[in-house]
Structure formats: structure tokens, C-alpha cells
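Everything on this sheet refers to the single structure shown next.
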Amino acid sequence: MSRLRSSQVAAAAGVNMQTLRYYERRGLLAEPDRSLGGHRLYPAETVTVLRVIKAAQRLGFTLDEVADLLEAGRHRHGRRLDAGLRPRAEVKLAEVEAKIADLQVIAGTLRAAVDAGCDDLMACAGEECCPIPFATLSQTGGSYADPR
Numbered sequence: 001m002s003r004l005r006s007s008q009v010a011a012a013a014g015v016n017m018q019t020l021r022y023y024e025r026r027g028l029l030a031e032p033d034r035s036l037g038g039h040r041l042y043p044a045e046t047v048t049v050l051r052v053i054k055a056a057q058r059l060g061f062t063l064d065e066v067a068d069l070l071e072a073g074r075h076r077h078g079r080r081l082d083a084g085l086r087p088r089a090e091v092k093l094a095e096v097e098a099k100i101a102d103l104q105v106i107a108g109t110l111r112a113a114v115d116a117g118c119d120d121l122m123a124c125a126g127e128e129c130c131p132i133p134f135a136t137l138s139q140t141g142g143s144y145a146d147p148r
């Protein structure tokens, strides 16, 4: 069975050594065997696991969510139907689509501010023609809902 040292795994997966050790501490990676000299020796599939983790993060999953997904994959027998990737991906997709809708509203408002020639935030806030909905934005608590 092929075993890889930490530097080889990190290089092959495109992560740094600190990331590798962090994922190990978090339980995302199994504790590796050690050589007689004390070097960590990982199974070759660790590279694939790291690539899966990074891809899942890129898709918007948190490390806690990734850990749950990896754990669900390890325990396929008796697994609940809501524990796998598909239902979690559906939830994540809904979150991403909501963020996209929010960003589209923000982009439209910023376009309108640029088109209106808004140069001074305070002066613009006092103008009735100002396209930035200051009252609505201050009441949303960080989420931008379309004021129209």
C-alpha cells in the first residue's frame, strides 16, 4: 500500500502543511501512521479526501458541514435519507440562490447610484431622487431586501 509523507500529500492536493494538520485536528482526516523516524505517512486516498474537502468549501459548505458529509459517507448502512449530499446540496443551493438575488438587488441599486451621479453619501441621503434606499437598508439587519 502506497504511503505519502505530509509534504507529498499537501503538494498533490494543493494545500499547505498547516491546512493538512488542521484538518487532521478537526477530524476531517484520519490520524496517519508514522514512520520509524516519526514522519506522518498518509494513505494515497488522503489526496482525494483533501480535494473533496476543498471542492465542498468552494461550493459554500462550512468545514462543519463538510465533516458531517464525510461522516455520512463513512456510515452508508442505516444512514438517514436526509444525511447525504443531495438534501444538503439542495439547502445550500437555496442559500446561494437567495444570496445571488440579494446581490442582484445590490448591484442594481449601485448602478442607479452611479447613473444618478451620487458623489456625496450624506448629500445623496437628503435628496428625494437618491436611488439608495437608506431607510430600508438600515432596517434589514444586514440583509438587503428589494425596497421596490
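Mapping to UniProt numbering: the sequence shown position 133 is 133, numbers consecutive.
Beta carbons: idealized from backbone N, C-alpha and C, even for Gly.
It should be emphasised that the depicted structure is a prediction, and the values quoted were computed from it without experimental measurement.
What does a CB cutoff of less than 8 Å around residue i pick up in its chain, not counting 5 residues either side in sequence?
| i | result |
| --- | --- |
| Ser7 | Met17 |
Would you call residue i buried or exposed, if buried means 16 or more other Cβ atoms sit within 10 Å of its Cβ?
| i | result |
| --- | --- |
| Arg91 | This sequence places Val at residue 91; Arg is not what is there. Under this definition Val91 is an exposed residue. |
| Pro32 | buried |
| Thr53 | Looking at the sequence provided, one finds Ile at residue 53 rather than Thr. Label assigned to Ile53: buried. |
| Ala125 | exposed |
| Leu93 | exposed |
| Arg40 | buried |
Could you pull the start and end residues of the beta strand (DSSP E) that residue i belongs to?
| i | result |
| --- | --- |
| Pro43 | Arg40 to Pro43 |
| Leu4 | Arg3 to Arg5 |
Which whole-angstrom value is the C-beta distance of residue i and residue j, which I expect to be below 8 Å?
| i | j | result |
| --- | --- | --- |
| Cys129 | Ala113 | In fact, because the Cβ distance is near 11 Å, the residues do not count as touching under 8 Å. |
Could you please give the first and the last residue of the uninterrupted alpha helix (DSSP H) stretch that includes residue i?
| i | result |
| --- | --- |
| Gly73 | Leu63 to Arg74 |
Only counting the same chain, and skipping five residues up and downstream in sequence, which positions put a Cβ closer than 7 Å to that of residue i?
| i | result |
| --- | --- |
| Ser35 | Leu41 |
Given residue i, which residues of its chain have a CB within under 6 Å of its CB, disregarding the five upstream and five downstream residues?
| i | result |
| --- | --- |
| Arg5 | His39 |
Handout entry: Segment contact, 8 Å Cβ cut-off, at least three pairs: the region 56-70 with the region 38-47
Key = When Cβ pairs closer than 8 Å are counted between the two stretches, the region 56-70 is seen not to touch the region 38-47, the count staying below three.
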